[in-house]
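Inspection log for the structure reproduced underneath, given as structure tokens.
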Amino acid sequence: MAIEPASITPVVLVGGKSRRFGRDKLREIVNPTAREWLVDRPIAALREVFGPRVHLVGACDAAIVARADASLPDPYPGVGPLGGILAALESTRGGVFVLSGDLVSITPLVIRQVLDTALAAQPHVLAVLASSDRIEPCIGVYTPGARPYLAKALAAGQRALIDAIPRECLLLVPVDSEATRNVNRPDDLSGSA
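So that you can map any letter, position 131 of the sequence shown is 130 in numbering that gives the first Met the number 0, and since no number is skipped, the others follow by simple counting.
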């Protein structure tokens, strides 16, 4: 993969509309004692691995932006994670480690598993993604080499991340499925504190 750890920017995708949730799920309190919001979970997990340099990408409430260390511009609003990841790659020099903002159970261990695999990957690998019972395109490392593939997919109106990068350029890392659990509806938060 030919990428250095210091050149990887940790990014949380926060541009979703929370339609199925019915309100801004990223501001949902998941731990009342700690006043922890849903979006705090992926931010904290990335900080534990990368330090205080977690970026957000996507339109979101200003109170959410204040919980991260920086934000990146999103010239592709409303097109899903593909646009957010492309925006992050265009705004940084190296690769990006991406998490969606609604990962309620993500752990630093999973991040390290994916990161360690990415750092040891062959140069032709463009993305290293977590895999549980399915491929998790919003938990992984994307290299600068993935940028033209994502741009081409976006220009073609394709939004499925998993189809944007050739399979032979993907590397999958088996991880615990509980750590990949995301929140779409209020019921998905039960037992998350």
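C-beta atoms are modelled at their ideal positions from N, C-alpha and C, and glycine is treated no differently.
Contact check, residue i vs residue j, beta carbons under 7 Å
i: residue 160; j: residue 41; result: no
i: residue 148; j: residue 164; result: yes
i: residue 61; j: residue 74; result: no
i: residue 180; j: residue 99; result: no
i: residue 178; j: residue 109; result: yes
Inter-residue spacing [alpha-carbon to alpha-carbon] between residue i and residue j
i: residue 89; j: residue 143; result: 8 Å
i: residue 117; j: residue 174; result: 14 Å
i: residue 95; j: residue 49; result: 11 Å
i: residue 10; j: residue 68; result: 10 Å
i: residue 31; j: residue 5; result: 34 Å
i: residue 126; j: residue 55; result: 19 Å
i: residue 78; j: residue 39; result: 23 Å
i: residue 151; j: residue 82; result: 11 Å
i: residue 107; j: residue 46; result: 9 Å
i: residue 36; j: residue 3; result: 31 Å
i: residue 140; j: residue 167; result: 15 Å
i: residue 130; j: residue 153; result: 23 Å
i: residue 71; j: residue 13; result: 11 Å
i: residue 155; j: residue 162; result: 12 Å
i: residue 122; j: residue 33; result: 42 Å
i: residue 136; j: residue 112; result: 15 Å
CB-CB length for residue i against residue j, believed under 8 Å
i: residue 24; j: residue 115; result: With a Cβ gap of about 30 Å, residue 24 and residue 115 do not count as contacting.
Fill in: Uninterrupted alpha helix (DSSP H) stretches inside the region 1–81 (no shorter than 4 residues)
List check, alpha helix (DSSP H) in window: 39–49, 61–64.
Discussion item. Just to confirm the assignment: which complete alpha helix (DSSP H) runs, minimum length 4, are found wholly within the region 129–156?
Written reply: Look at the region 129–156 and you find these whole runs of alpha helix (DSSP H), each 4 residues long or longer: 146–154.
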